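The block underneath contains the structure these notes are about, expressed in structure tokens.
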Amino acid sequence: TNNRGAGKTIGDLIAYKNVNDLAPPRELMIQVDQKNEAILLPIYGNMVPFHVATVKSVSSHQDTTQDSNRNCYIRIIFNVPGTPFSPHDANSLKFQGSIYLKEVSFRSKDQRHISEAVQLIKTLRRQVASRESERAERAT
Amino acid sequence: MTDGHLFNNISLGGRGGTNPGQLKIYSGGILWKKQGGGKAIEVDKADIVGVTWMKVPKTNQLGVRIKDGLFYKFIGFRDQDVTSLTNYFQTTCGIVTEEKQLSVSGRNWGEVDLSDNMLSFLVDSKQAFEVSLADVSQTQLQGKNDVTLEFHVDDTTGANEKDSLMEITFHIPNSNTQFMGDENRP
Numbered sequence: 005t006n007n008r009g010a011g012k013t014i015g016d017l018i019a020y021k022n023v024n025d026l027a028p029p030r031e032l033m034i035q036v037d038q039k040n041e042a043i044l045l046p047i048y049g050n051m052v053p054f055h056v057a058t059v060k061s062v063s064s065h066q067d068t069t070q071d072s073n074r075n076c077y078i079r080i081i082f083n084v085p086g087t088p089f090s091p092h093d094a095n096s097l098k099f100q101g102s103i104y105l106k107e108v109s110f111r112s113k114d115q116r117h118i119s120e121a122v123q124l125i126k127t128l129r130r131q132v133a134s135r136e137s138e139r140a141e142r143a144t
Numbered sequence: 015m016t017d018g019h020l021f022n023n024i025s026l027g028g029r030g031g032t033n034p035g036q037l038k039i040y041s042g043g044i045l046w047k048k049q050g051g052g053k054a055i056e057v058d059k060a061d062i063v064g065v066t067w068m069k070v071p072k073t074n075q076l077g078v079r080i081k082d083g084l085f086y087k088f089i090g091f092r093d094q095d096v097t098s099l100t101n102y103f104q105t106t107c108g109i110v111t112e113e114k115q116l117s118v119s120g121r122n123w124g125e126v127d128l129s130d131n132m133l134s135f136l137v138d139s140k141q142a143f144e145v146s147l148a149d150v151s152q153t154q155l156q157g158k159n160d161v162t163l164e165f166h167v168d169d170t171t172g173a174n175e176k177d178s179l180m181e182i183t184f185h186i187p188n189s190n191t192q193f194m195g196d197e198n199r200p
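Spelled out as structure tokens, the structure:
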């Protein structure tokens, strides 16, 4: 019951407890793990997890200038302290001195995969956010 | 070459993803060959500055740091390989291996560690990811607190990853003292 109390914050959300809770990568591409509420990003040959609660927004756009390459881009912005209404603010004292990953952007040739990733991340983010705010309300 | 250890299924990881290949570790150093030929990496024992092990999902990753600042990572070792290679490095090469831990908590805040051209993002003192500054084409300071790293676009290395990292931005709050007034920060 402790982790359901009023003290529950974003900082308590953990994507994985152990290294072996992650599946070995079948393909190095952006993935969404619904069960663990995580997004997985391919960085230098490893899949790097981020809890979806750290995500502030996600968007994609297609490169229209280079028709031959048809690249598309996905941008993921993470929560950092100091932004208005950031859920992190209550926490930023706790993690004072930390450096935050604020933003990443990836290029892909597969537009369908990118649009799907954007939708999955948005949906999961909404689900987790509404669950967490309900939980916070119940606690008060 | 009869001495040493040969591994048939070891991937070289880096910018662009991973490449499968064969790795030989022998008294003279380390030799990795890409499956089907092509790229090879040869490291002389004398050039090795540090060797690290890290547990990654369902397997182990060997990190080899060499004199000129380059860092190679080889993925695909079983737990028993780690034990035998740790002994081999120590007895045959006189190298003591270090253990690194991978962060999987999914947090986006931690520390940045810069050493030998590598930038590591550490969460709870465990490594979440690392990138090579040699691949950074441009850095930009945005506002007072944000630093963006832009990565080279490289289509030539036989990358197997579907999505390629282009940009990373770190937010350094005013409360951080590590990089205060440091002109050389990334």
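Keeping their order, the protein sequence lines are chains X and L.
Counting along the first sequence from 1, when you hit position 13 you're at 17 in the working numbering, and nothing is skipped either side.
Counting along the second sequence from 1, when you hit position 103 you're at 117 in the working numbering, and nothing is skipped either side.
All C-beta atoms, glycine included, are put in the ideal place defined by N, C-alpha and C.
Because the structure is a prediction, the values reported are computed rather than measured.
Counting only runs of at least 4 residues, the stretch 81-149 of chain L fully encloses the following alpha helix (DSSP H) elements, listed from N- to C-terminal order: 93-107. According to DSSP, residue pairing for glutamine 36 of chain L in a beta bridge involves L/Lys47.
For the C-beta of alanine 142 of chain L, the chain X residues within less than 7 Å are, from N- to C-terminus, Val52. Taken through DSSP and simplified to helix, strand or coil, lysine 39 of chain X comes out as coil. Its chain contains Gly43, Ile44, Leu45, Val78, Ile80, Tyr86 as the residues whose beta carbon lies nearer than 8 Å to that of valine 57 of chain L, once the 5 sequence neighbours on both sides are disregarded; these appear in chain order. By the criterion of a C-beta distance shorter than 7 Å, methionine 33 of chain X is surrounded in its chain by Pro46, His117, once the five residues flanking it on both sides are discounted. The three-state secondary structure of leucine 76 of chain L, taken from DSSP, is strand. The stretch 49-56 of chain L makes no contact with the stretch 16-34 of chain X; the number of CB pairs closer than 8 Å stays below 3. For isoleucine 47 of chain X, the three-state secondary structure derived from DSSP is strand.
Annotation for serine 41 of chain L: Asp17, Thr106 place their beta carbon closer than 6 Å to its own, counting only its chain and skipping 5 residues before and after. Bridge partners of methionine 68 of chain L according to DSSP: L/Gln75, L/Lys114. A Cβ-Cβ contact shorter than 9 Å links leucine 105 of chain X with phenylalanine 184 of chain L.
Per the DSSP secondary-structure output, serine 63 of chain X pairs in a beta bridge with X/Arg79.
Put simply, the CB of threonine 58 of chain X is near chain L, with a gap under 9 Å to one of its CB atoms. Taking 9 Å as the cut-off, the Cβ atoms of glycine 101 of chain X and serine 189 of chain L count as close. The beta carbon of histidine 55 of chain X sits closer than 9 Å to some beta carbon of chain L.
Contact between histidine 55 of chain X and leucine 26 of chain X does not hold, since their C-beta atoms are separated by about 13 Å, which reaches or exceeds 8 Å. Proline 85 of chain X is classed as buried because its beta carbon has at least 16 other beta carbons within 10 Å across all chains shown. For tyrosine 48 of chain X, the closest C-alpha among the options L/Gln156, L/Leu147, L/Thr162 is that of L/Leu147. Per DSSP, valine 108 of chain X is one residue of the beta strand (DSSP E) stretching across 103-112. Between asparagine 122 of chain L and threonine 58 of chain X the beta-carbon gap is near 4 Å, inside 8 Å, which marks them as a contact. Here arginine 29 of chain L is buried. Its C-beta has 16 or more other C-beta atoms within 10 Å. No Cβ of chain L is located within less than 9 Å of the beta carbon of aspartate 67 of chain X. Residue range 177-185 is occupied by the beta strand (DSSP E) that includes leucine 179 of chain L. A Cβ of chain X is located within less than 9 Å of the beta carbon of leucine 26 of chain L. Interface annotation, glutamate 120 of chain X: not in contact with chain L, CB-CB separation never under 9 Å.
The straight-line gap separating the alpha-carbon atoms of asparagine 75 of chain X and threonine 32 of chain L is approximately 21 Å. By the neighbour-count criterion, in which 16 or more other beta carbons inside 10 Å mark a residue as buried, asparagine 22 of chain X falls on the exposed side. The C-beta distance from valine 126 of chain L to isoleucine 125 of chain X rounds to 25 Å, too long to fall under 8 Å, and the pair is not in contact. Contact between glycine 64 of chain L and glutamate 112 of chain L holds: CB atoms are separated by about 7 Å, below the 8 Å threshold.
Between the alpha carbons of proline 53 of chain X and glutamate 181 of chain L lies a distance of about 17 Å. Spanning the alpha carbons of serine 129 of chain L and alanine 143 of chain X requires a straight line of approximately 45 Å.
The residues Gly30, Gly31, in chain order, have a CB closer than 7 Å to that of glutamate 175 of chain L in the same chain once the five nearest residues on each side in sequence are set aside. Pairing valine 150 of chain L with leucine 163 of chain L gives a Cβ-Cβ distance under 9 Å.
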